[in-house]
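Participant: Let me give you the structure first, and then I'll get to my questions.
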Amino acid sequence: MSNISFTSSAPGYWANENIPHEDWNSAKWQLKNRVSSLADIEKHLTLCEEERAGILLTGTKLATAITPHYFNLIHPTDPDCPIRRQVIPRIEETHTDPSEMADPCGEDSHMPVPGLVHRYPDRVLFLVTDRCASYCRYCTRSRVVSGVSDQKLETQWDMAIDYLKKTPQVRDVLLSGGDPLLFSDVKLEKLLSKLHAIPHIQFIRIGSRIPIFLPQRITPELCATLRKFHPLFISIHTNHPKELTTEVHEALGRLADAGVMMGNQSVLLDKVNDSVDVQRELVQKLLMCRVRPYYLYQGDLIEGTAHLRTSISKGIEIIDGLRGHTSGYAIPQYVVDAPGGGGKIPINPEYIVESNEERTVLRNYEGKEFVYSESKLVPHPL
Numbered sequence: 000m001s002n003i004s005f006t007s008s009a010p011g012y013w014a015n016e017n018i019p020h021e022d023w024n025s026a027k028w029q030l031k032n033r034v035s036s037l038a039d040i041e042k043h044l045t046l047c048e049e050e051r052a053g054i055l056l057t058g059t060k061l062a063t064a065i066t067p068h069y070f071n072l073i074h075p076t077d078p079d080c081p082i083r084r085q086v087i088p089r090i091e092e093t094h095t096d097p098s099e100m101a102d103p104c105g106e107d108s109h110m111p112v113p114g115l116v117h118r119y120p121d122r123v124l125f126l127v128t129d130r131c132a133s134y135c136r137y138c139t140r141s142r143v144v145s146g147v148s149d150q151k152l153e154t155q156w157d158m159a160i161d162y163l164k165k166t167p168q169v170r171d172v173l174l175s176g177g178d179p180l181l182f183s184d185v186k187l188e189k190l191l192s193k194l195h196a197i198p199h200i201q202f203i204r205i206g207s208r209i210p211i212f213l214p215q216r217i218t219p220e221l222c223a224t225l226r227k228f229h230p231l232f233i234s235i236h237t238n239h240p241k242e243l244t245t246e247v248h249e250a251l252g253r254l255a256d257a258g259v260m261m262g263n264q265s266v267l268l269d270k271v272n273d274s275v276d277v278q279r280e281l282v283q284k285l286l287m288c289r290v291r292p293y294y295l296y297q298g299d300l301i302e303g304t305a306h307l308r309t310s311i312s313k314g315i316e317i318i319d320g321l322r323g324h325t326s327g328y329a330i331p332q333y334v335v336d337a338p339g340g341g342g343k344i345p346i347n348p349e350y351i352v353e354s355n356e357e358r359t360v361l362r363n364y365e366g367k368e369f370v371y372s373e374s375k376l377v378p379h380p381l
């Protein structure tokens, strides 16, 4: 049916350690054995000077932690490996551009209660944890995520639930953090039950990179728990086709079979996914995993991430290169989360060449122009 292939991440760097199959496939084992120190990283990777210096300074802004599953995808010697650039610290993280911010999306200024962001009229962002299975070096919430920065996430659970009960215009709750799927099945079910019981909340979304970093967590038991709370959406976060391994493909399949609707959110990153070819392979592979490409984010202006950001023109070029060359279902919406809290602003290539009261001239994916008539027939007098 398709020439798209999925390859396993195991056993990789752990091939000679005789890890029992049941351990490798255990989320608890994966979390317990995350790679987090310079010594552990250097057992397997040849680091460049910028990486080594970055790892030595990690822990002052954002912790380093990489699951064995994800670590196996890293090239051992190439510092420009697209997987490596996402999770291995670099010294450039200590360089701050004047335009960068600790809270580029303005979340802290839109919290009616601690941990609950209410920026859009009918939906809220509920920050339920500050921990992840692995830590992305471009994390939008590096100011609070991983527990090593000066600012801490201090979610007030009872106040948040009470606010939601008293705010009937809220119909959509997005659980994020950190990663909500790190919660135990019991804890997650308790939270979902409380939200599901609020009459005006129509559906719940979960933002998670667990299916990518820790597919072992997507168990039949977890899927049975999630099945109780439809309509339920999960926004996964995949940036590169290499991340979509056999294990990830199977985990996403379990979620889809449980009726969970899934969309993907990518961040446009320098030397990771900033080409039409990589993006096309990614979005087509996502559809084979039953995941709809949803957003392609321009990198937020987070302190210490200039080395990972691309230009907005690059994002427009990529969307233009996808449109007409793959299924419309495969094309995400390119957005900029406006600095300072302005919300998501869609960015598209220019397809309107000229427009007036009589006609609109349109450009298609091949660069050809077509005229759409705007004139209307004048009724014939009786």
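Quick note, the sequence shown lines up with residues 0 to 381 if you use numbering that gives the first Met the number 0. Cβ atoms here follow ideal geometry from the backbone N, Cα and C, with glycine treated the same way. Keep in mind it's a predicted model, so treat the numbers as computed, not measured.
1) Alpha carbon to alpha carbon, what distance is there between histidine 94 and methionine 158?
2) Measuring straight from C-alpha to C-alpha, what distance separates isoleucine 82 and valine 370?
3) How would you call glutamate 242, buried or exposed, if buried means at least 16 neighbouring beta carbons within 10 angstroms?
4) Using the beta-carbon count (16 or more within 10 Å), is alanine 223 buried or exposed?
5) Quickly, what does DSSP pair tyrosine 371 with across the bridge? List them, please.
6) Following the continuous beta strand (DSSP E) through valine 282, name the residue where it begins and the one where it ends.
7) Flag this pair as yes or no: are the beta carbons of valine 161 and glycine 146 separated by less than 8 Å?
8) Is the CB-CB distance between phenylalanine 5 and threonine 237 below 8 Å?
9) Roughly how many whole angstroms lie between the Cα atoms of proline 78 and leucine 72?
10) Give the DSSP bridge partners of phenylalanine 125, in chain order.
11) Taking only the alpha-carbon atoms, compute the straight-line gap between glycine 320 and cysteine 47 and give it to the nearest angstrom.
12) Tell me the DSSP bridge mates of glycine 342?
13) Taking the runs of the beta strand (DSSP E) that are 3 residues or longer, which of them lie wholly in the segment 202 to 229?
14) Using the C-alpha atoms, what's the distance from valine 352 back to lysine 389?
15) Can you look up glutamate 353 in the DSSP assignment and give me helix, strand or coil?
16) Determine which residues share a DSSP beta bridge with serine 234 and list them.
17) On the three-state DSSP scale, how would you describe arginine 291?
18) Measuring alpha carbon to alpha carbon, tell me which of Thr57, Glu50 and Val334 ends up nearest cysteine 80.
19) Would you tell me roughly how many angstroms separate the C-alpha atoms of arginine 279 and threonine 325, rounded to the nearest one?
20) Please state whether DSSP places arginine 322 in a helix, a strand or coil.
21) Mapping DSSP to helix, strand and coil, what is tyrosine 296?
Facilitator: In brief:
1) In a straight line, the C-alpha of methionine 158 is about 38 Å away from that of histidine 94.
2) 45 Å
3) Under this definition glutamate 242 is a buried residue.
4) exposed
5) As a beta-bridge residue in DSSP terms, tyrosine 371 pairs with Thr359.
6) Where valine 282 is concerned, there is no enclosing beta strand (DSSP E), although the alpha helix (DSSP H) it sits in stretches over 275 to 287.
7) In the sequence on display, residue 161 carries aspartate and not valine. With contacts defined as CB atoms closer than 8 Å, aspartate 161 and glycine 146 fail to qualify as a contacting pair.
8) no
9) Distance between the alpha carbons of proline 78 and leucine 72: 13 Å.
10) Leu115 and Leu174
11) If I take the Cα positions, the gap works out to 33 Å.
12) Ala337
13) 202 to 207
14) Lying outside 0 to 381, the shown extent of the chain, residue 389 is not represented and no answer is given.
15) DSSP places glutamate 353 in strand when its eight states are reduced to three.
16) Gly206 and Gly262
17) strand
18) Glu50
19) 7 Å
20) strand
21) strand
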